[in-house]
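What follows is a single structure, written as structure tokens, with notes after it.
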Amino acid sequence: MLSAFFESVLQLIVRTSTDLPPDVRAAMRGAVGAEPAGTRSAQALTIIAQNIDQAATAEGAICQDTGMPTFELHVPRGSDQIWMRQQIRDAVASATKLGKLRPNSVDSITGENSGDNLGPGTPIIHFDQWEQDEIEVKLILKGGGCENMNAQYSLPAELPHLGRADRTLDGVRKCILHAVWNAQGKGCSPGAVGVCIGGDRTSGYLNAKEQLFRTLDDVNRDPRLAELEALIMGTVNTLGIGTMGFGGNVSLIGCKIGALNRLPASFFVSVAYDCWAYRRLGVRLDARDGSIRQWLYRDPSTPVIPMIDQAGFTRTGREVPLTSPLDEATVRSLRVGDVVMITGRMYTGRDAVHAYLMKHDPPVDLRGAVLYHCGPVVKKDGDTWRVTAAGPTTSIREEPYQSEVIRRYGVRAVVGKGGMGGQTLQALNDHGAVYLNAVGGAAQFYARCIERTDGVSLMEFGTPEAMWHLRVRDFPAIVTMDAHGNSLHKDLEAESGEKLEALRAGR
Ligand code: SF4
């Protein structure tokens, strides 16, 4: 029996959630070096770099959204796949109990969280047999923010700023550029894309995600696709999207393209967008006992090089201290581009809370409040709750509700990532509120800005969706939408759209 199989899979999950592979670290180190000091992207990258180191050191989740666990297995002939599947599910439940994975599996109709990351379709497990005598298990943890930025094109298609994308490699090039531009900072850029040319709608997406199992420095064996990957990487960063869509020199750290045969009538281009928290690892197991023979993507005998010197968030001296609850005059004095440091009370609220607030009064007084779009990882220590990972979630999902929440309840600041739309911008202007962009995925960094958890409301929605009452200190964020009708997101989308037009003709 494979007595060590469960423990090996558990180790794989924990390591994947907490320690970025060396190729991704190297690419992010390159991004840190590419942004001039003091710029918004440079400041965000110091937070990301510190977060990556903190997660590895403390064995905490790199991002609070630990994503959809997707396992790819190669097994020798005759392996008991039913037993292995059950062991993997047990390991996922254990990792969730240990707080290394956030409970992320919800009933699609009721929204009820299963609490252990198990349910129909979760986790995703794919088996393939091979001729070797080892078991290979690869895992990718891809969160919802970047998953929502996936795109599928049916060619020929007319694309904004790029014109017609034909059924050619140049048409594919346009689709990839469009997907990166469209994602802006919402998928926590700088990201990486896995792409599939062809297949059908389902196999195309699957193959696109499988491309993300390639290392960032891997050269495509198909010279035509290798050329296209190089062309994308050589031009895409002129878009100027930068880290978190703050503007900057690095928008993408990798592009990996595959191709599947297709029906003559169809020509799909599927793009799987992954964020900077690009968590994938793998192990080779001894088929006799399931013990780990070898790690994939990392060499445990090579010491991990820290991303930065741990000096922490680099202050420029221009940061604005904010103490919540906030008053209107303070909020109206803020302008797009200001970096703020928040101290005081903050309430979390994401999809379920916003939907609730449309029909019910809030469980707490939200006048002057800072509302944080965040689904934290929380552990109970005796009678108290401890937040162990707490980065922002993608704000645009709350666009249908946010203006009403601000208007009805007097919220003065909304913290999230990726920006919001026109209705929210109008409400900020009308009622004196701001949108603050925190750095997506920096779950360990922000968890350390939380002094304590004072309480929780609406726990019936499950841990990530409940309203947590947090006490924070020096929580950094950037004003990207102010109370005067300005939006950095709107401006950068337009600017990068113009740059996209410059790439329309190709080389
Ligand atoms: S880094 Fe951003 S996109 Fe990636 S999993 Fe975390 S919140 Fe989602």
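If you read the sequence shown in numbering that gives the first Met the number 0, its first letter stands for residue 0, the second for the next number, and so on.
Glycine included, each C-beta is placed from N, C-alpha and C at the ideal position.
With DSSP run on the structure shown, which of helix, strand or coil describes residue i?
i, result
"Y400", "helix"
"A508", "Because residue 508 is not part of the residues shown, which for the chain are 0 to 506, the question remains open."
"M306", "coil"
"P222", "helix"
"E500", "helix"
"Y277", "coil"
"S508", "Any property of residue 508 remains undetermined from this structure, which presents the chain solely from 0 to 506."
"T313", "coil"
"R24", "helix"
"V171", "helix"
"A442", "helix"
"G98", "coil"
"A164", "strand"
"I61", "coil"
"G203", "helix"
Consider the C-beta atom of residue i and the heavy atoms of the ligand SF4; say whether any pair is separated by less than 7 Å.
i, result
"G590", "Summary: the structure shown does not reach residue 590, with the chain confined to residues 0 through 506, and so no result is reported for it."
"T462", "no"
"A92", "no"
"T242", "no"
"C373", "no"
"A276", "yes"
"G253", "no"
"G193", "no"
"T392", "yes"
"G420", "no"
"G415", "no"
"G184", "no"
"D337", "no"
"C62", "yes"
"G348", "no"
"G59", "no"
"C187", "yes"
"G246", "no"
"G66", "yes"
"G142", "yes"
"G197", "no"
"G367", "no"
"G454", "no"
"G439", "yes"
By DSSP's criteria, residue i is part of a beta bridge. Which residues make up the other side?
i, result
"S153", "F267"
"G343", "S323 and V471"
"H359", "DSSP output for H359 lists no bridge partner at all."
"D127", "H73"
"L284", "I134 and I291"
"M67", "K141"
"N436", "G415 and I477"
"S456", "M466"
"N112", "V105"
"L370", "Y346 and V413"
"W180", "For W180, which the question treats as bridged, DSSP gives no partner whatsoever."
"T393", "K416"
"V338", "I477"
"K378", "R385"
"T121", "G118"
"G190", "L251"
Find the nearest neighbour of residue i within the set the options, judged by alpha-carbon distance.
i, options, result
"R406", "T387, L427, T393 and E398", "L427"
"D106", "Q42, P119 and G98", "P119"
"N260", "K378, P475 and V268", "V268"
"L211", "T201, C274 and Y152", "C274"
"N116", "E130, S93, C145 and E398", "S93"
"A476", "G439, T387 and K498", "G439"
"T15", "G390, P68, R279 and I341", "R279"
"S332", "D481, M357 and A156", "D481"
"L215", "P155, L168, Y296 and H359", "Y296"
"I139", "E71, Q443 and D165", "E71"
"A328", "E318, R349, G367 and D360", "G367"
"V218", "Y408, I304, S394 and G253", "G253"
"P305", "L238, I12 and A54", "A54"
"H488", "R317, K185 and H372", "K185"
Under 7 Å: does the beta carbon of residue i sit that close to some heavy atom of the ligand GTP?
i, result
"C145", "No copy of the ligand GTP appears in this structure; the ligands present are the ligand SF4."
### contact_flag[the segment 432 to 443, the segment 401 to 416] where n(CB pairs < 8 Å) is 3 or more
With the rule of 3 Cβ pairs closer than 8 Å, the segment 432 to 443 counts as touching the segment 401 to 416.
### Query
Using 8 Å as the Cβ pair cut-off and three pairs as the minimum, do the segment 463 to 480 and the segment 70 to 77 touch?
no
### Task
Indicate whether the contact test is met: 3 or more Cβ pairs, each with one atom in the segment 135 to 144 and one in the segment 157 to 174, closer than 8 Å.
no
### Query
Are there three or more Cβ pairs, one per stretch, closer than 8 Å when the segment 194 to 211 is compared with the segment 286 to 294?
no
### Query
Counting pairs of beta carbons, one from the segment 21 to 33 and one from the segment 218 to 233, are three or more of them closer than 8 Å?
no
### Task
Specify whether the segment 88 to 104 and the segment 38 to 45 touch according to this definition: at least 3 beta carbon pairs, one from each stretch, less than 8 Å apart.
no
### Message
Quick test of the definition: if touching needs 3 or more C-beta pairs under 8 Å, does the segment 168 to 182 touch the segment 489 to 502?
### Response
Three or more beta-carbon pairs drawn from the segment 168 to 182 and the segment 489 to 502 are found closer than 8 Å, and the two stretches are therefore classed as touching.
### Task
Decide if the segment 442 to 452 is in contact with the segment 48 to 65; the criterion is three or more beta carbon pairs, one per stretch, under 8 Å apart.
Flag = yes, the segment 442 to 452 and the segment 48 to 65 touch.
### Query
Do three or more CB pairs link the segment 232 to 245 to the segment 164 to 171 at distances below 8 Å?
At 8 Å Cβ cutoff, the stretches do not touch.
### Query
Three or more beta-carbon pairs under 8 Å between the segment 142 to 149 and the segment 388 to 396, yes or no?
yes
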